[in-house]
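Written out below as structure tokens is the structure these notes cover.
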Amino acid sequence: MSVSGLVITLSEEPSARDRALESLEAYPGIERGQLSDRWLPVVVERPDDESGEAVFREISLLPGVEYVDVVFVHFENADTKQGALGNGQTKGMHGSPQVTAASNR
Amino acid sequence: MNRRDFIKFSAMAAATAMARRKSGAAEAGPGEASNGEGNSPEWHKAPCRFCGTGCHVRVGVQDGRVVAIQGDEKADVNNGLLCVKGYHVGMILYGKDRLTQPLLREGGELKPVSWDKAIDVIAKRIMEDPDAFGFYGSGQWTIPEGYVAQKLMKAGLSNNHIEPNARLCMASAVTGFVSTYGVDEPAGCYQDLDECDVLIMWGNNPAEMHPVLFSRVIDRRSRGEKVRLIDISTRRTRTTEFCQDYLEFRPQTDLAIANGIAHLLIQNGTFDREFVDRYCHFRQDTEPDSLFGKPMSFEEYRQAVAKYTPEYVEELSGVPAEKIRMLGELFGRRDLRITSLWCMGMNQHSRGTAINRLVHGIHLLSGHFGRPGDAPTSLTGQPSACGTAREVGTLAHALPGGRLVAKEDHRRQCEKLWNVPEGRISSKPGYHTVKLWEKFCTPTNQGGDIRTLFVQVTNPGQSLPNLHKHFRGKKGLEDKFLVVSEVYPSASTELADLVLPASLWVEKNGIFGNSERRTQQWYKMVEPPGDARDDCWMTIAIARRLYELGHSGMKDRDGQFIFAMKNDEGEEVPIWQWPHYYDINVDKRLYEEYRPFTWMKHKNVAPYDELVKARGLRWPVVETDDGGWRETRFRFSGFDDPFVEEGKRIQFYHSVTKDDRALIWFNPYEPAAEEPDKEFRYWLCTGRVLEHWHTGTMTMRVPPLRRSMPHAYIEMHPDDAAEEGFSNGEVIQLMTRRGQIEAPVWIEGRGRVPRGSLFVPFFDEHRLVNLVTLGAVCPISKEPDYKKCAAKVGKVGSSTPAMAKGPEVRP
Amino acid sequence: MKESDELNQYRPHKKATYVVMAVILTAAVSGYFMGLQQTGSTIRERQSDSVVPSQGTRRDSSKDNSRMIKGGSNGPPTAPSYSEMAASDRGPNADWENDLRKLTRKKPNLFKQVEPSAQARQAVVEARRKLRAFDGAPPVIPHPINQTSSAACLSCHNENTEIKDRLAQKVPHKTYQSCTQCHVPTTTDAPPMAGDTMTANWPTNRFVGWTNQLEGKQAYSGGPPTIPHTTLMRKNCLSCHGAKARLRTTHPWRQSCLQCHAPSAGLDQHRFLSEPFPVSPKTRSQ
Ligand code: SF4
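Heads up: the protein sequence lines correspond to chains A, B and C, in order.
For the first sequence, position 33 (counting from the first letter as 1) is numbered 33 according to the working numbering, and the numbering increases by one without interruption.
Counting from 1 along the second sequence, just add 1000 to a position and that's the residue number in the working numbering.
Counting from 1 along the third sequence, just add 2000 to a position and that's the residue number in the working numbering.
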């Protein structure tokens, strides 16, 4: 399982922003937070790390989306679950993001 | 919270915090004394889009979008309070399926076309046969929208086939006022609700339909004031809960109850002899019925009502005789202030004019008139039924400012004000609403002489009575052409040949007029979506295309385009080109052009610039000596109305009899147009619910409202349901002689009907109750009766297959 | 046998009868109240039933109790049909609703140190937002209601009332009489329709509601924060920030909130009044 907290920077253009919000609705497993001006916090849950990253890439390519910032990542693979990492790994705590990657435009 | 949820929660918290920091919302630097206004929306004023109460809202706008709504504390109407519809009014702009481009039907399918093409198609249809064109608007038209439509039709096309949907809701109130006082609209205002000792609601459920006004009354109780509420109704509603008295009457017998009160006032000698002697005459109907009837003496009147003894009224209505006596005694007391409230219960009545007259009559007879708190008050259901339909007179028989097409001097005045050649306005009234649609749905070779119909700001496909006959009949008639300007797909766009996407509410400038004669202005605040445009612009663009096609009616006496407008520099602005429409304030210019029309009947509306500064002003608005403007709360009362002559207590200065007197009418009780019988054994009543406004086109797209009331239902008495073998929630069939629908039964729900009665709300486009309602109209007002017809019920599948099934609506 | 004889026969046992009756009575009464205690936890499960007294129940039960025992005195009583359910008598517990008022209300400890974590705070705020279309919108009602009466609302909402783990929040504005005018249930109380796809398929709405800032601004660190939300209809601060409330202040014993915490002119109507109606230059043109 992988859970990531992203902040999506939407276009300044209201109509483009609407389009982006609309296409985001089409994604399963994305939970939208409260839009703050043009920054939208979302949580993405995916069965594994790879597909989590794929979603991240897809979102950044959506029209009306300018940037995607990753502020929180948690992954828990089937094989690591019982392993040394025990309860999975969590990087970045709320309020103090340690992993902040600006995507390409 | 399980672990997975906790992780997701933390992820969301982190992302939210980050998003907020980025937006600058969470920046709280030391030494910064500002109050966080960075995040605050910009607030504007506007009247609520929905009902005739006319509450003022504050509209919060941020980044070009409406993001919040508040009640306006400074507004006299609502003092900061709204109802649940008003609080969510901002959401009506953002339903996902807003119409954003013109759509033309080709090969049975609606396909996108350019605005240019769309306007062209309409103009050519009109050019082909100008007399076969009809314009169907509404009480939700802003005043300028109604005014341009009115001018295009009557001064441009010399065609009087223009009607508003207000014919379906307010027409009987208008004929009631006109035949009683000689001039339309209530004399009192909402202040009556603050001052009355007794409030009588006639077939009215303001707790759901005019909630803010209802709160205005009942909240007085929290302040320790005493007010007695009397509910005269055919079913228990939320309003009943707050009333001391509930008088349940057999449908249609409100006529008998009103006459019973009049009889008691005379028999007990408690009528106001002085008021009647000084200010009233008596009237009765002619054969056939007419608006002004014929005179009768007091003695004749006394004899006419004498039949309506409390016992006889009880026999007819089922209301106990002692309750009728109680009403008679209340009206007989001069120390009490009594206000009557009504809306659709009295108006949508096959004898709507009669019951309106009778209620005015008992107020006049008992002298409960003209003092704050003493008033017969009719409410409107639409935000500008008064402002646009009634004052601008967008009706087949009317001209602006209370004028009539049948009167030569009225036509001449309008031609002069419009600067069009004498004789331009046709003297023949057009078709009233039901007739208009009947003609449109009748094949041309069988006398259906309306071929093109333009619908704006209303949804006739859902709200007309007996839809099979008055709307769906259009299907398959090749040479009929329906144009619908709408904001969302609706039961009307389903049959439309051309659909025009319209701007909505604060996406355009506008002016409304509410139930208490209050004219309210607002400015455009956000852009309409996609290619949606103002209804006012559509009408002007069509007129311009007709002008270009050479229609002579589009020119005034000087050869100018009838809607020509200049900017402050004196240059003509091509407002018919959309990019130039907002170069000047078209609304203001149209409104100022319309204002002089209101002077004849002393309905002087305020100047535009005054409206900008105010939360609405109640006409007549007159200029004071110091250059200010003063509104009027109580019309015809010497202490407040500037047009009443010095020293007079009451003056009905537009009296039918030209002697400053109002008319007290006698109208007998008559049975309803269709009553239950052996086969169709239930009364069927239709109406609204709190959450939805009219046909639900807007409110069904607002999730909190839809979730609270997602579909129509059939209200039924538990004993009837038990007898029929229905359980609560079971979907059943409801049938009348006109069709059938299916909906779930709701027993002991929001409202409670007596045995033998059913109630179905009309907001649900998937369960169109108007497929089964009756098209019978009041002979004078031509308003249909939606409140009474005969119905039967049965298990699903029990009806004959010949009857049409409910519609599948989504296009 | 005459009636007096019948009584006489029992006379020797009179005392014993009293004792037995007292025992039964005690058991019945305590059982009744124990039943009441469970009410709080079961409230959310009672989806189909109204939490508050129904007008119909009261009206009809006083008139007619016969519905309950359809089978008559000979046969066994049969359950009422669904169509009769709302109107039928609930038996000895018919008045249980009224006893919500009598639930013991624990006096909150004003001086207790409560320091909720930022997460807990955030959770409360999120929960609040779920019930509002935008900040300042009237919250929807997350439980079934009586469709015809508002009177019952205040039996819980006139004070912050804890019902097990739920908090019925005190009305933060002056009490208007018609609660349902502004507050509507999240889901209808109307009977659900089986297989109703038409209603479910209504298009969504793209309205994005305004949200207030989570925290007010401080002029200096440690200074009293300003009020970060509008105060219209939220004049009673303690209903959300009082001792029992979920967004508890650190100092609930202080009563005069506005003395230190300033409302925002931009959010409330003050600026609006002095400069009547700000309009964008485009639409202002004459
Ligand atoms: S719907 Fe009517 S009562 Fe409700 S807020 Fe709007 S105008 Fe006021």
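C-beta: ideal position from N, C-alpha, C; glycine also.
Computed from a predicted model, the values in this text were never measured in an experiment.
1) Report all residues from its chain with a CB closer than 6 angstroms to the CB of Asp-1534(B); omit the five preceding and five following residues, and keep chain order.
2) Please compile the residues from chain D whose C-beta is within a distance smaller than 7 angstroms of the C-beta of Leu-35(A).
3) Taking 9 angstroms as the cut-off, decide whether the C-beta atoms of Lys-1111(B) and Trp-1693(B) are in contact.
4) Name the two residues that bound the continuous alpha helix (DSSP H) containing Tyr-1087(B).
5) Name the chain B residues that come within less than 9 angstroms of Val-2114(C), Cβ to Cβ?
6) Should Pro-1620(B) go down as buried or exposed, given a rule of 16 or more other Cβ atoms within 10 Å for buried?
7) So which residues on chain A does Met-1012(B) lean against when the C-beta distance must stay under 9 angstroms?
8) Pick helix, strand or coil for Leu-1617(B), following the three-state DSSP scheme.
9) Should Ala-1046(B) and Met-1600(B) be called a contact, given that it needs their Cβ atoms to be closer than 9 angstroms?
10) Taking DSSP as the reference, what is the three-state secondary structure of Trp-1505(B)?
11) Would you mind sorting Lys-2244(C) into buried or exposed? The rule is 16 or more other CB atoms within 10 Å of its CB.
12) So the candidates are Tyr-1431(B), Thr-1458(B), Val-1392(B); which of them puts its Cα closest to the Cα of Cys-1414(B)?
13) For Arg-2129(C), which residues in chain A fall below 8 angstroms Cβ to Cβ?
14) Going by DSSP, which residues form a beta bridge with Gln-1284(B)?
15) Using a Cβ-Cβ distance cut-off of 9 angstroms, determine whether Arg-1020(B) contacts chain A.
16) Whose C-beta lies closer than 8 angstroms to the C-beta of Val-1077(B) among residues of the same chain, with five residues either side of it excluded?
17) Going along the chain, which residues of the region 2146-2159 of chain C sit with their C-beta nearer than 9 angstroms to a C-beta in chain B?
18) Kindly indicate if chain B contains any beta-carbon less than 9 angstroms away from that of Gly-86(A).
19) Three or more beta-carbon pairs under 8 angstroms between the region 1530-1544 of chain B and the region 1144-1154 of chain B, yes or no?
20) Tell me where the beta strand (DSSP E) around Ser-114(A) begins and ends.
21) What separation, rounded to the nearest whole angstrom, lies between the Cα atoms of His-1850(B) and Gln-1382(B)?
22) Sort Arg-1223(B), Asp-1374(B), Lys-1117(B) by Cα distance to Ser-1637(B) and report the nearest one.
23) Beta-carbon within less than 6 angstroms of Gln-2218(C)'s beta-carbon, same chain only, minus the 5 sequence neighbours each way: which residues are those?
24) Can you find the residues in the same chain that come closer than 7 angstroms, C-beta to C-beta, to Asp-1005(B), ignoring five residues on each side of it along the sequence?
25) Given that a residue counts as buried once 16 or more other Cβ atoms are within 10 Å of its Cβ, and exposed if not, what is Val-2208(C)?
26) Trp-1693(B): beta carbon under 8 angstroms from a heavy atom of ligand 1?
27) Looking at C-alpha atoms only, which residue of Ile-1162(B), Gly-1687(B), Asp-1131(B), Glu-1248(B) is the closest neighbour of Gly-1146(B)?
28) Under three-state DSSP, which class holds Glu-1783(B)?
29) Helix, strand or coil for Pro-1211(B) per DSSP?
30) Give a yes or no on whether 9 angstroms exceeds the smallest Cβ distance from Ser-2178(C) to chain B.
31) Which residues, in chain order, does the region 50-69 of chain A contribute to contact with chain B at a C-beta distance below 8 angstroms?
32) Quick one: what's got a C-beta closer than 6 angstroms to Ser-2062(C)'s C-beta in the same chain, skipping five residues either side?
33) If Val-1506(B) and Ser-1485(B) are in contact, beta carbons under 8 angstroms, what's the gap, nearest whole angstrom?
34) Let me make sure I understand the geometry here. Which of Leu-1590(B), Ile-1780(B), Tyr-1301(B) has the alpha-carbon closest to that of Gln-1267(B)?
35) Could you tell me if the beta carbon of Pro-1211(B) falls within a distance shorter than 8 angstroms of some heavy atom in ligand 1?
36) Does the distance from the CB of Val-1089(B) to the CB of Asn-2205(C) come in under 9 angstroms?
According to the structure shown:
1) What you label residue 1534(B) is simply residue 534 of the second sequence in a count that begins at 1. Ser-1503, Lys-1508.
2) Reference to chain D is not applicable here, since the protein chains of this structure are A, B and C.
3) The residue labelled residue 1111(B) in the question sits at position 111 within the second sequence. The residue labelled residue 1693(B) in the question sits at position 693 within the second sequence. Against a cut-off of 9 angstroms, the Cβ pair of Trp-1693(B) and Lys-1111(B) comes out as no contact.
4) Here residue 1087(B) refers to the residue found at position 87 when the second sequence is read from its first residue. Per DSSP, Tyr-1087(B) belongs to the alpha helix (DSSP H) from 1084-1087.
5) For this step, residue 2114(C) is matched to residue 114 along the third sequence. Contacts between Val-2114(C) and chain B, judged by CB atoms closer than 9 angstroms, are missing: the closest CB pair is about 20 angstroms apart.
6) As a first step, residue 1620(B) is located in the second sequence; it is residue number 620 there, counting from the start. Of the other Cβ atoms in all chains shown, 16 or more fall within 10 Å of the Cβ of Pro-1620(B); this residue is therefore buried.
7) Within the second sequence, residue 1012(B) is the residue found at index 12, counting from 1. Ordered by position in chain A, the residues that pass the 9 angstroms Cβ test against Met-1012(B) are Gly-5, Glu-31, Gly-33, Pro-41, Val-42, Val-43, Phe-72, His-94.
8) For the purposes of this step, residue 1617(B) is identified with residue 617 of the second sequence, where counting begins at 1. If DSSP states are grouped into helix, strand and coil, Leu-1617(B) belongs with the strands.
9) Here the question's residue 1046(B) lines up with position 46 in the second sequence. Here the question's residue 1600(B) lines up with position 600 in the second sequence. Taking 9 angstroms as the Cβ cut-off, Ala-1046(B) and Met-1600(B) do not qualify as a contacting pair.
10) Taking the first residue of the second sequence as 1, we reach residue 1505(B) at position 505. Trp-1505(B) falls in the helix class under three-state DSSP.
11) On the third sequence, residue 2244(C) is found 244 positions in, with the first residue counted as 1. Label assigned to Lys-2244(C): buried.
12) Taking the second sequence and counting its residues from 1, one reaches residue 1414(B) at position 414. Nearest Cα to Cys-1414(B) within the set Tyr-1431(B), Thr-1458(B), Val-1392(B): Val-1392(B).
13) For the purposes of this step, residue 2129(C) is taken as the residue at position 129 of the third sequence. Arg-2129(C) reaches chain A at Gln-34, counting residues in chain order whose Cβ is nearer than 8 angstroms.
14) The residue you call residue 1284(B) lines up with position 284 of the second sequence. In the DSSP output, where bridge partners are listed per residue, Gln-1284(B) has Lys-1294(B), Phe-1666(B).
15) Position 20 of the second sequence, counting from 1, holds the residue named residue 1020(B). Arg-1020(B) belongs to the set of residues whose beta carbon lies under 9 angstroms from a beta carbon in chain A.
16) Locating residue 1077(B) in the second sequence gives position 77, where the first residue counts as 1. For Val-1077(B), where only same-chain residues beyond five positions count, the Cβ hits under 8 angstroms are Thr-1053, Gly-1054, Cys-1055, His-1056, Tyr-1190, Val-1212, Asn-1514, Glu-1516, Arg-1518, Arg-1615, Gly-1616.
17) Within the region 2146-2159 of chain C, the residues whose Cβ lies closer than 9 angstroms to some Cβ of chain B are Gln-2147, Thr-2148, Ser-2149, Ser-2150, Ala-2151, listed in chain order.
18) Stepping through the first sequence from its first residue, residue 86(A) is reached at position 86. Here the model assigns Gly-86(A) a pLDDT of 33, short of 50, so the residue's position is not dependable, and the following value carries that caveat. No, Gly-86(A) does not count as interfacial toward chain B.
19) Output reads yes: the region 1144-1154 of chain B touches the region 1530-1544 of chain B.
20) Absent from the model: residue 114(A). The displayed extent of chain A is 1 to 105, so no value can be given.
21) Absent from the structure is residue 1850(B), since the part of chain B shown begins at 1001 and ends at 1811.
22) Counting from one through the second sequence, the residue named residue 1637(B) turns up at place 637. Of Arg-1223(B), Asp-1374(B), Lys-1117(B), the residue nearest in Cα terms is Asp-1374(B).
23) Locating residue 2218(C) in the third sequence gives position 218, counting from the first residue. In its chain, beyond the 5 residues on either side, Pro-2225 have a beta carbon closer than 6 angstroms to the beta carbon of Gln-2218(C).
24) As a position in the second sequence, residue 1005(B) is number 5, starting the count at 1. So the list is empty, once near-sequence residues are dropped.
25) In the third sequence, residue 2208(C) corresponds to position 208, counting from 1. With 16 or more Cβ atoms within 10 Å of its Cβ, Val-2208(C) is classed as buried.
26) Taking the first residue of the second sequence as position 1, residue 1693(B) is located at position 693. Checking every heavy atom of ligand 1 against the Cβ of Trp-1693(B), one is found closer than 8 angstroms.
27) In the second sequence, counting from the first residue as 1, residue 1146(B) sits at position 146. Comparing C-alpha distances from Gly-1146(B) to each of Ile-1162(B), Gly-1687(B), Asp-1131(B), Glu-1248(B) shows the shortest one belongs to Ile-1162(B).
28) As a first step, residue 1783(B) must be located in the second sequence, where it is residue number 783. Coil.
29) Translated into the one-based positions of the second sequence, residue 1211(B) becomes position 211. Correct three-state label for Pro-1211(B): helix.
30) The count along the third sequence starts at 1 and reaches residue 2178(C) at position 178. When Cβ-Cβ separations below 9 angstroms define contact, Ser-2178(C) makes contact with chain B.
31) Residues Asp-69.
32) Start at 1 with the first residue of the third sequence, and residue 2062(C) comes out as number 62. Only weak support exists for where Ser-2062(C) lies, its pLDDT of 37 falling under 50; the value from the coordinates is given anyway. The beta carbon of Ser-2062(C) sits closer than 6 angstroms to no other beta carbon from its chain once the five residues preceding and following it are set aside.
33) Position 506 of the second sequence, counted from the start, is the residue given in the question as residue 1506(B). Position 485 of the second sequence, counted from the start, is the residue given in the question as residue 1485(B). About 18 angstroms; that fails the 8 angstroms criterion.
34) Taking the first residue of the second sequence as position 1, residue 1267(B) is located at position 267. Measuring from the Cα of Gln-1267(B), the nearest candidate turns out to be Tyr-1301(B).
35) Counting from 1 along the second sequence, the entry for residue 1211(B) is found at position 211. Pro-1211(B): yes, Cβ under 8 angstroms from ligand 1.
36) The residue labelled residue 1089(B) in the question sits at position 89 within the second sequence. The residue labelled residue 2205(C) in the question sits at position 205 within the third sequence. Taking C-beta atoms as the reference points, Val-1089(B) and Asn-2205(C) fail to come closer than 9 angstroms.
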